[in-house]
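One line per chain: the protein sequences are A and B, in this order.
Counting in the working numbering, the first sequence runs from 3 upward without gaps.
Counting in the working numbering, the second sequence runs from 19 upward without gaps.
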Amino acid sequence: MSTLESAQLRLESSPTSPAADVLRPASPRHSLLVRISHWVTTVCFFALLVTGAEIIASHPRFYWGETGNVLTEPLFKIPIPSSRNLVPTGYGYVLPDQNGWSRALHFQAAWVLVLTGLLYVFSGIIGGHFGTDLLPKKADLSWRGFAGVIAHHLRFQKSDEEDAWSYNVLQRLTYLFVIFVLFPLVIWTGLAMSPSFDSAVPATVNLLGGRQSARTLHFFVSIALVLFLLVHVVMVWRGGFKSRMRAMITGNAPAGKESK
Amino acid sequence: MRKLSRRKLIAAGLTTAAGVSAVGVAAKLAQEYGLVPPDHGGLYGPGETLTYASLRLLTRHSLAREFSRSQISPRPFPNEIAPLSDEFKRHQAAKFVDWRLTVDGLVDRPASFSVEQLKSYPSNSQITETVCEEGWSYIAEWHGVPLRYILNLVGARPEAKYVVYFSIEPDWWESIDMADATHPQTFITYGMNGDALPVGNGGPLRMKLPRQLGYKSVKFLRHLTITDDLKKFGKGLGSVSPETGYAWFAGI
């Protein structure tokens with residue numbers, strides 16, 4: 003299905019002007035599978051974020067180790083009101099309980115995200131997406147390479163045409179970190195909170211130092227993912243919102259400058 | 019419009035047919051092996067079903083983690099409960115001497131047990147963690163009789179698929195499949211940390227399933243019924259939890 007589609011796109015998107023031919027590779031900027039998995043992940047991530055916040059509201063206290071409850075000392079508290087009146091928050095009111103649908107949507111979105119992620123990772127390994135698009139080039143993995151990219155960013159220089167077609171070394175490392183470190187960690191720490199899953203694979207929670215540590219780590223990894231999202235959106239904005247969005251929706255990146 | 023080639027059309031047709039029949043076969047197999055939860059309908063049904071089916075396959079016999087005595091929480095947190103009924107208070111005033119746990123349904127010998135009778139059976143204990151869906155947890159030692167011991171006493175019939183269990187308090191009931199009902203750590207508990215089970219923690223009798231979240235461990239247990247069909251109970255979703263938006267299977 004996806005190979006048929008991308009072959010079709012390749013034909014359809016062949017540029018009309020011969021000058022643009024040099025800049026544009028024959029294939030789309032993002033393959034159909036990358037585009038679909040990107041937007042499915044986007045929807046799931048927002049669902050997980052909103053429902054995760056709702057679940058935290060029922061107990062906005064975090065602990066370290068195996069156990070923790072309102073009778074034990076927290077590692078830290080989040081200064082928000084709670085949806086349960088047994089939690090001492092300092093607020094004089096209790097939020098409405100939203101945990102039922104929040105938990106159901108949290109896990110359903112997690113399922114879709116994990117299945118999409120597996121499809122993306124396996125096809126990315128087989129199809130060479132990671133090898134060509136995300137693994138840093140050897141030449142870029144030097145202090146000079148990093149310094150160049152960082153200096154470019156610090157001077158707030160406009161990205162050139164080529165940047166619309168490939169990632170620089172910082173982008174590559176960031177995406178790899180998100181895909182192969184943060185997402186696996188958030189899944190692991192989430193699974194570690196399942197008492198059933200832990201019964202089958204106790205190391206899931208034991209290696210993290212206990213159930214409450216897993217919950218606290220799940221929170222921090224989620225925060226890291228949100229920080230990535232913020233930077234990601236700002237960078238898309240600075241790189242040219244319309245053209246970057248078009249590239250991730252239709253697969254085509256325009257060769258010319260974006261008209262604002 | 020782009021033209022569809024014949025080859026593409028045949029490929030798409032075959033893929034769709036294969037996809038539809040694969041889903042059909044999966045659904046049939048899942049139904050047959052008891053991998054479909056009673057609350058599989060509705061918007062979040064697919065997620066509930068995937069979770070229940072995969073965890074049921076993965077955890078049919080696995081044991082919840084047990085801890086050492088030194089890890090027992092100094093103060094086991096009694097979660098909030100609705101104001102207790104007059105009926106419960108009468109039992110409480112009489113020190114639960116007339117409390118009975120009745121067992122009926124698909125059994126050869128329906129019976130009712132006093133707390134003392136339950137205590138006379140071979141006692142078991144487990145040091146496990148109680149986990150609330152809100153996020154907090156504590157470790158305690160629980161004393162009780164495994165549910166499967168009681169199921170053997172009353173002679174649960176082979177066609178039994180679920181055990182439905184009720185609190186004395188209204189609108190408080192749950193159910194579990196036979197894999198959980200016959201699991202060695204599924205207890206009818208009457209004691210905690212060497213003492214009688216405090217009322218705040220569910221005394222005189224509480225169901226205890228350490229592999230599921232706390233809300234499946236119904237407090238003030240009074241009635242068990244063994245069935246092959248959950249549709250007969252409440253709104254037919256398996257327990258009161260799905261009726262209020264919570265999952266029937268609480269292993270996650």
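Beta carbons are placed, not taken as given, at the ideal position from N, Cα and C, and that holds for glycine.
Neighbour-count burial assignment, asparagine 87 of chain A, 16 or more Cβ in a 10 Å radius
On the first sequence, position 85 is the one that residue 87 of chain A refers to. With fewer than 16 other Cβ atoms within 10 Å, it is exposed.
Discussion item. Less than 7 angstroms between the C-beta atoms of leucine 136 of chain A and leucine 178 of chain A, yes or no?
Written reply: Locating residue 136 of chain A in the first sequence gives position 134, counting from the first residue. Locating residue 178 of chain A in the first sequence gives position 176, counting from the first residue. Yes, these two residues count as a Cβ contact at 7 angstroms.
Helix, strand or coil for alanine 35 of chain B? Go by DSSP, reduced to three states. The count along the second sequence starts at 1 and reaches residue 35 of chain B at position 17. Alanine 35 of chain B falls in the helix class under three-state DSSP.
So, at 6 angstroms on beta carbons, what are the nonlocal neighbours of lysine 253 of chain B in its own chain, with the 5 sequence-adjacent residues on each side left out? In the second sequence, residue 253 of chain B corresponds to position 235, counting from 1. Taken in chain order, the residues that qualify are Glu261.
Taking the C-alpha atoms as reference points, what is the distance between phenylalanine 148 of chain A and alanine 82 of chain B?
Here residue 148 of chain A is taken as the residue at index 146 of the first sequence, counted from 1. Here residue 82 of chain B is taken as the residue at index 64 of the second sequence, counted from 1. Going from the Cα of phenylalanine 148 of chain A to the Cα of alanine 82 of chain B covers about 48 angstroms.
How would you label methionine 247 of chain A, buried or exposed, when you count the other beta carbons within 10 angstroms and need 16 or more for buried? Numbered from its first residue, the first sequence carries residue 247 of chain A at position 245. Result: exposed.
- Message: Going by C-alpha to C-alpha distance, which of B/Ile244, B/Thr67, B/Pro228 sits closest to cysteine 150 of chain B?
- Response: As a first step, residue 150 of chain B is located in the second sequence; it is residue number 132 there, counting from the start. The option with the nearest alpha carbon to cysteine 150 of chain B is B/Pro228.
Determine the closest residue to serine 235 of chain B out of B/Asp246, B/Asp213, B/Gly212, B/Trp266, with distance taken between C-alpha atoms.
Along the second sequence, read from residue 1 onward, the residue named residue 235 of chain B stands at position 217. Ranking B/Asp246, B/Asp213, B/Gly212, B/Trp266 by Cα distance to serine 235 of chain B puts B/Trp266 first.
Looking at the secondary structure, which residues open and close the beta strand (DSSP E) in which glutamine 230 of chain B lies? What you label residue 230 of chain B is simply residue 212 of the second sequence in a count that begins at 1. Element bounds for glutamine 230 of chain B: n/a, residue is neither H nor E.
Query raised in the report: Name the residues in the stretch 134-154 of chain B whose C-beta lies less than 7 angstroms from a C-beta of chain A; which are they?
Result: Glu147, Val149, Glu151, Glu152, Gly153, Trp154
* Grab me the residues of leucine 255 of chain B's own chain with a C-beta within less than 7 angstroms of its C-beta, minus the 5 sequence neighbours each way, in chain order. => The count along the second sequence starts at 1 and reaches residue 255 of chain B at position 237. Here the set comprises Pro56, Asp57, Glu261, Trp266.
Can you list, in chain order, the residues of the stretch 109-139 of chain A whose Cβ is nearer than 7 angstroms to any Cβ on chain B?
Phe109, Gln110, Trp113
Between glycine 173 of chain B and the rest of its own chain, which residues show a CB-CB distance below 7 angstroms, the 5 nearest in sequence each way excluded?
Here residue 173 of chain B corresponds to residue number 155 of the second sequence, with the count starting at 1. Counting only Cβ-Cβ distances below 7 angstroms, and skipping sequence neighbours, we find Val125, Asp126, Arg127.
- Item | CB contact flag (aspartate 189 of chain B, valine 258 of chain B, <7 angstroms) | Along the second sequence, one-based indexing puts residue 189 of chain B at 171. Along the second sequence, one-based indexing puts residue 258 of chain B at 240. Yes, the pair counts as a contact, with Cβ atoms nearer than the cut-off.
query = Going along chain B, which residues have a C-beta under 8 angstroms from glutamate 2 of chain A?
reply = Nothing can be reported for residue 2 of chain A: it is not among the residues displayed for chain A, which extend from 3 to 262.
Exercise for review: Report yes if the C-beta distance between serine 215 of chain A and threonine 77 of chain B is below 7 angstroms; otherwise report no.
Suggested key: As a working note, residue 215 of chain A is residue 213 in the first sequence. As a working note, residue 77 of chain B is residue 59 in the second sequence. The answer is no: Cβ separation not under 7 angstroms.
field: alpha helix (DSSP H) segments (min. 4 residues) lying fully within the stretch 187-226 of chain A
entry: 197-202, 205-208
- Would you tell me roughly how many angstroms separate the C-alpha atoms of leucine 136 of chain B and valine 188 of chain A, rounded to the nearest one? Residue 136 of chain B sits at position 118 when you count from the first residue of the second sequence. Residue 188 of chain A sits at position 186 when you count from the first residue of the first sequence. Computed Cα separation, rounded: 44 angstroms.
- Query: Are the beta-carbon atoms belonging to glycine 123 of chain B and isoleucine 206 of chain B less than 7 angstroms from one another?
  - Reply: The count along the second sequence starts at 1 and reaches residue 123 of chain B at position 105. The count along the second sequence starts at 1 and reaches residue 206 of chain B at position 188. Cβ distance not < 7 angstroms, so glycine 123 of chain B and isoleucine 206 of chain B don't count as in contact.
Exercise. If you run the structure through DSSP and keep just helix, strand and coil, what is threonine 146 of chain B?
Worked result: Along the second sequence, read from residue 1 onward, the residue named residue 146 of chain B stands at position 128. Three-state result, threonine 146 of chain B: strand.
**Asked** Counting pairs of beta carbons, one from the stretch 104-117 of chain A and one from the stretch 53-64 of chain A, are three or more of them closer than 8 angstroms?
**Response** yes
**Request:** At 7 angstroms on the CB atoms, spell out the chain B contacts of glycine 102 of chain A, in chain order.
**Result:** Reading the first sequence from its first residue, position 100 is the one you call residue 102 of chain A. Residues of chain B passing the Cβ test: Thr262, Gly263, Tyr264.
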